[in-house]
Amino acid sequence: MSTNPSGSPSKPVSGGSSSTGGLRRGGGRSSGRSSSKGDYIGAESGSPYGYRDPDCEALEMHLGFRYGCQEIVRRLRAEPNLLPASIRAMHADDTMDREDRIEMLRAEADHSLVREVMTLTPDTWDEISEEAQHQVFGYLVKSMIPVGRPGQPPSERFLITWRIPDAHSQ
């Protein structure tokens, strides 16, 4: 799972379904047989027969976001100047995807959202809007990917790449 810079987890990829009418990749009709990986819409490399369970992916993204939020609160407690430094780092990031940058800048045009983000403390994390949490997530977290199996502790399951490296984990 990865996140975009606004902190929103990337949308899950849906697997093929009966509602596709038997359409194969490339627009042709299938014979009803699925002979190899990638035969149908939604097929993805690395998944058995290209199938991905959207419910499992949504749950994994939610778990990753919750873990990321816990880590953000931990870091904000330990590093009071982390948020402004991360905002500066995000604005200076030349590798940031153009669409993600546009989304972050649009969010920054909402003055009430910016006020909510800038007055955030670790103690008020649960009181701010989910939109503000996503914005803060995008400022602090450059990327987050699953590296472990379901059932593992979140710290072993998800790898967070911070905009400002975590001094305590080095």
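Sequential numbering from 1 applies to the sequence shown in UniProt numbering.
Where is the CB? At the ideal position from N, CA and C, for every residue including glycine.
The structure displayed is predicted, hence computed values, not measured ones.
Rounded to the nearest whole angstrom, the CA to CA distance from R101 to I164 is 18 Å. As summarised for the region 61-117, the continuous alpha helix (DSSP H) elements at least 4 residues long and confined to that stretch are 82-92, 98-108, given in chain order. With fewer than 16 neighbouring CB atoms inside 10 Å of its own CB, Q152 falls in the exposed class.
Between F137 and Y67 the beta-carbon gap is near 11 Å, outside 8 Å, which marks them as no contact. Straight across, the Cα-Cα distance linking V141 with S129 is about 18 Å.
When the five nearest sequence neighbours on each side are left out, the beta carbons in the same chain lying within less than 7 Å of the beta carbon of E71 are those of I160, in order along the chain.
For V141, no alpha helix (DSSP H) run applies; the uninterrupted beta strand (DSSP E) run containing it begins and ends at 141-146, by DSSP.
About 7 Å separates the beta carbon of L83 from that of Y139, a gap short enough to meet the 8 Å contact definition. Assignment of T124 by DSSP, reduced to helix, strand and coil, places it in the helix class. Among the bridge pairs identified by DSSP, F158 is matched with P146. Under the three-state reduction of DSSP, D166 is assigned to coil, being neither helix nor strand. Non-local beta-carbon contacts of R149 in its own chain, meaning distances under 8 Å to residues more than five positions away in sequence, involve R157 in chain order. Taking the Cα of F65 as reference, the smallest distance to any Cα among A167, P146, H168 is reached at P146. Taking 8 Å as the cut-off, the beta carbon of P122 is found no closer than this to the beta carbon of R88.
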